[in-house]
Each structure stands twice: as C-alpha cells, then as structure tokens.
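Trainee: Residue numbers (this note's numbering), protein chains in the order written: chain P, 1 to 176; chain W, 1001 to 1262.
#1: Do residue 1032(W) and residue 113(P) have their C-beta atoms closer together than 8 Å?
#2: I need the DSSP call for residue 72(P), collapsed to helix, strand or coil.
#3: Quick one: is residue 1008(W) near chain P, going by C-beta distance under 8 Å?
#4: Taking 8 Å as the threshold, find out whether the stretch 1111-1127 of chain W comes into contact with the stretch 1161-1168 of chain W through three or more Cβ pairs.
#5: So, under 8 Å CB-CB, residue 1176(W) and residue 1137(W) are touching, yes? Tell me the CB distance rounded to an integer number of Å.
#6: State the start and end residues of the unbroken alpha helix (DSSP H) segment that holds residue 22(P).
#7: Could you check what DSSP says for residue 1198(W) in three-state terms: helix, strand or coil?
#8: Only counting the same chain, and skipping five residues up and downstream in sequence, which positions put a Cβ closer than 8 Å to that of residue 30(P)?
#9: Is residue 1220(W) buried or exposed, if buried means 16 or more other CB atoms sit within 10 Å of its CB?
#10: Using a Cβ-Cβ distance cut-off of 8 Å, determine whether residue 1220(W) contacts chain P.
#11: Does the pairing of the stretch 1071-1090 of chain W with the stretch 110-124 of chain P give three or more beta-carbon distances under 8 Å?
#12: Please determine, among 93(P), 75(P), 2(P), 110(P), the residue with the shortest C-alpha to C-alpha distance to residue 43(P).
#13: Mind pulling the chain P residues with CB within less than 8 Å of residue 1132(W)?
#14: Please classify residue 153(P): does DSSP put it in a helix, a strand, or coil?
#15: In this structure, does DSSP put residue 1055(W) in helix, strand or coil?
#16: Enumerate, from N- to C-terminal direction, the unbroken alpha helix (DSSP H) stretches of 4 or more residues contained entirely within the stretch 1145-1211 of chain W.
#17: Should residue 1012(W) go down as buried or exposed, given a rule of 16 or more other Cβ atoms within 10 Å for buried?
#18: Determine contact between the stretch 1146-1153 of chain W and the stretch 1180-1190 of chain W, defined as no fewer than three beta-carbon pairs at a distance below 8 Å.
#19: Taking C-beta pairs closer than 9 Å, name the residues in chain P that residue 1027(W) reaches, listed in chain order.
#20: Rounded to a whole number of angstroms, what is the C-alpha to C-alpha distance between residue 11(P) and residue 1145(W)?
#21: Are the stretch 57-71 of chain P and the stretch 1199-1214 of chain W touching by the rule of at least three beta carbon pairs closer than 8 Å?
#22: If you reduce the DSSP assignment to three classes, tell me which class residue 59(P) lands in.
#23: Specify the secondary structure class of residue 79(P) as computed by DSSP and reduced to three states.
#24: Can you tell me the Cβ-Cβ gap for residue 1182(W) and residue 1119(W), rounded? I've got them flagged as a contact below 8 Å.
#25: For the stretch 109-140 of chain P, which residues have a CB atom closer than 9 Å to at least one CB atom of chain W, in sequence order?
#26: Could you say which of 110(P), 94(P), 92(P), 120(P) lies nearest to residue 84(P) if we only look at CA atoms?
#27: To the nearest angstrom, report how far apart residue 128(P) and residue 78(P) are at their CA atoms.
#28: What three-state label does DSSP hand residue 125(P) in the structure shown?
#29: Can you check whether the CB of residue 81(P) is closer than 8 Å to the CB of residue 28(P)?
#30: Between the Cα of residue 1148(W) and the Cα atoms of 1085(W), 1098(W), 1208(W), 1096(W), which residue gives the shortest distance?
#31: Quick check on residue 66(P): buried or exposed, where buried means 16 or more other Cβ atoms within 10 Å of its Cβ?
#32: Look at the alpha carbon of residue 148(P) and the alpha carbon of residue 95(P), and state the distance between them as a whole number of angstroms.
#33: Examine chain W for any beta-carbon lying closer than 8 Å to the beta-carbon of residue 16(P), and answer yes or no.
#34: In chain P, what lies closer than 8 Å to residue 1180(W) by C-beta?
#35: Residue 1108(W) and residue 1141(W) - do their beta-carbons sit closer together than 8 Å?
#36: Quick one: is residue 1254(W) buried, meaning 16 or more other Cβ sit within 10 Å of its Cβ, or exposed?
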C-alpha cells in the first residue's frame, strides 16, 4: 500500500515541478529589458575585489584575499545570480533583434554566454566544495576564477558608460 | 465503445493538423525528427483504423511493430530536443557532443529497463509483457529526460525558445500521464478489467489534449519582438567582451533603468 502511494506522490511532485518550471521559462521569455536590468543584484558590491575594480580588467590579489573580499559564499551567490541575468540578456538579444537591422555578432553573444556560464560553473563548484570542506584552496581557486571573469565583465561595462553615458555612471558604480 | 471509435478518428485528424501547422511554421527546420514522429503517428493511426475494421487478426503484429518504431522515434526526438536546447552554447561544445548525448540517453534507457520490468501486471503473456516493459521504459525515460533537461537548463540558466518549450510541455504532459497510467496498470489484478481499458483511454485522451495544445500553439504567431535598441546592443557588446564597435552612443540611455537597481 505504501509503495503505490509513494509512486503517486512522486508523480504529483513531478507535475508540480514541471508546471512551475514551465511557468518560469514562459515568464523568462516574456521579460522586458528593464526588468532584466532590475534583477542585477545591487545589495552586494564587488568593488572590494580589486583596487581598480570597474576600471581595469583582471585581479591582482591572491586567492585568499579574493575569498575575504568576496565575503565568502555570499559574494559567490550574488555573482551566480548576476551571471544568470547576463545570460538572459544574451537570450533577449538573440530573440528580439529585428530582421533587417544589423544583427548582433553571434560571437559576442557566444562570449557573453560562455563567460556567464563559466562564472556559474565556477561558483557552483566552489559552493559545493565549500559545503563539504569549508574554505580550502580548491574553493578559493574556483572563487578567484569566477571573480576574475566577473570583474572583467564589470570593467567593460564601466568603460561603455564612461564613454557614452556618463550621466548614469555614478548609479552604476554605486550599484556594483 | 463510442469514445473508443471517436478517438480512433480524432487522433489521426489531430496529428494531421499538427503536422500541417509544423510545416506551415517551418518548425521542421529546427525539429525534423519531431515532425517525423508525428507523421509516423498519423500513418500508424490510419493503419490501425483499417486493421481494426478489415483485418483484426493482424492487430497483434501491428501493435508490436508500432510500439518498437514509436520507441525508436521517441528516442531520437528526446536527443533532438536535448540538442536543440543546447543550441545557444553549441559552438563552445566539443564536436562529438551530439553522439555523447545520444549515448547518454541510450544508457539511461538501459538503466531504466530493469526498473520497468519490476512493474508487471499479472497474467500477461511474454510478448505482451515485453512490449509493456518497453512502453514503461520509455514512459520513465521521457520523464527523466525532461527532468534532467529542465534541471540542467535551470542550473546553467540556458533559455528555451518558445517552440522548444511548447514541444517539451506537450511531450512532458503526455509522458507524466503515461507514467501514471503505467503505475496504476502495474497494480491491477487483471488486464481484461474495465478499469484497465479506461486507463488506456485516459492515455489516448491525454495524447489528444497534447495534440490540441500543439495545434493551438503552432497556429498562433510567435511572440512579437520587443524593443532591442542600439543602446541595449552596445551594452551586450561591451559586457560580452566584443568591444568592436564604439560608434553607437549610449547618450539617451534612460538613467531610470539603472536607478531601479537601487
């Protein structure tokens, strides 16, 4: 008697998960650009990562320093979430580029997706290792790799705003 | 029995309309195996109609061939859907990823087989039992594949295009109903009971619902494109590391967009 009930419970849970996942995907495909920008985490700042964060790509600190500056798993999670938003922006671009206009270079989107996915993978590996063994060298190396990619993306964004939209630069710097 | 006869006509009609919609929307370019699967469904259902009316003695042989071909096509549809979901990251994947994907789905199917053989209705002859296990394996495999695809895409934040999402939704719904019915079949004492027959009808009705859903989705136009201004494009160009063009200014980027972050 217990086994059939368990089977029905598992299938019911599957239906709920499938329905929720489908709803999320549908909402994700219907999001506006502004809604995506609003999803970038602003309650955590990555400015501690480097003395020249936002102005220069690359990190010069050691893996131990970066781990401290990231605020451990909290910073990793914020980067993980922001990387998701960046992937959604890439999807938005490939979905909404109007026919007849200059299409965005597929290689650029590819690079963006690749960077964002690498950040997510590095963060996942770091968090999994952290859950098992706290802050070991492996955790810190993965955290460093994620932070390095993230700071590169943020620095390129700052260059863009500095050159073309100086008015919004303070807001961006404050948010990052 | 009236419902039985109605389904016998409704299913091939539904499949024909779905295939027509797929051809009209040119979805066959991205999902050719899915189109083949539906076309096969249409052909086999038309054949079933004639076999039941004119040569019922051929039914058992027909059912065996139909189930085997259906399973092979379903396997290829699952691989195609998985490959289609990986489209945004395909160029950064190794060349043999498609082959690896096919092998992976095959291996998962082989692992599921022993699990499916544990769920057997009593008093079923050996060939029918083999087909029951084959159907059971694919019912579980479909659900597992959708779970893995959904979980993996959620983890890495891979987006699904609308058409792929619609195909997956239909197949997923049908897979879950098939699995549920298979579990209930396994609990039954007799394969000749009324309940067994009604549960089989539930699977057919769920397939008809899936076809109706696809017809509804594929006959509607794809979602209208949203604004994607040069400013947004520039944002991505820079974030993506492809700072090749500096010509498009971002001077009219509304500051409110970034302020909303606060």
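Here a beta-carbon is modelled for each residue, glycine too, at the ideal position from N, C-alpha and C.
Mentor: In this structure, then:
#1: no
#2: coil
#3: no
#4: no
#5: Actually they do not touch by this definition, with Cβ atoms about 16 Å apart.
#6: 2-29
#7: helix
#8: none
#9: exposed
#10: no
#11: yes
#12: 75(P)
#13: The contacting residues do not exist; residue 1132(W) stays about 16 Å from chain P at best.
#14: helix
#15: coil
#16: 1162-1187
#17: buried
#18: no
#19: The premise fails here: residue 1027(W) is roughly 16 Å from chain P at the closest Cβ pair, so nothing lies under 9 Å.
#20: 14 Å
#21: no
#22: coil
#23: helix
#24: 7 Å
#25: 109, 110, 111, 112, 113, 114, 115, 116, 117, 120, 121, 124
#26: 120(P)
#27: 16 Å
#28: helix
#29: no
#30: 1085(W)
#31: buried
#32: 29 Å
#33: no
#34: 8, 11
#35: yes
#36: Any answer about residue 1254(W) is weak, because its pLDDT of 39 lies below 50 and its placement is not dependable; what the coordinates show is given next. The residue is exposed, with fewer than 16 neighbouring Cβ atoms inside 10 Å.
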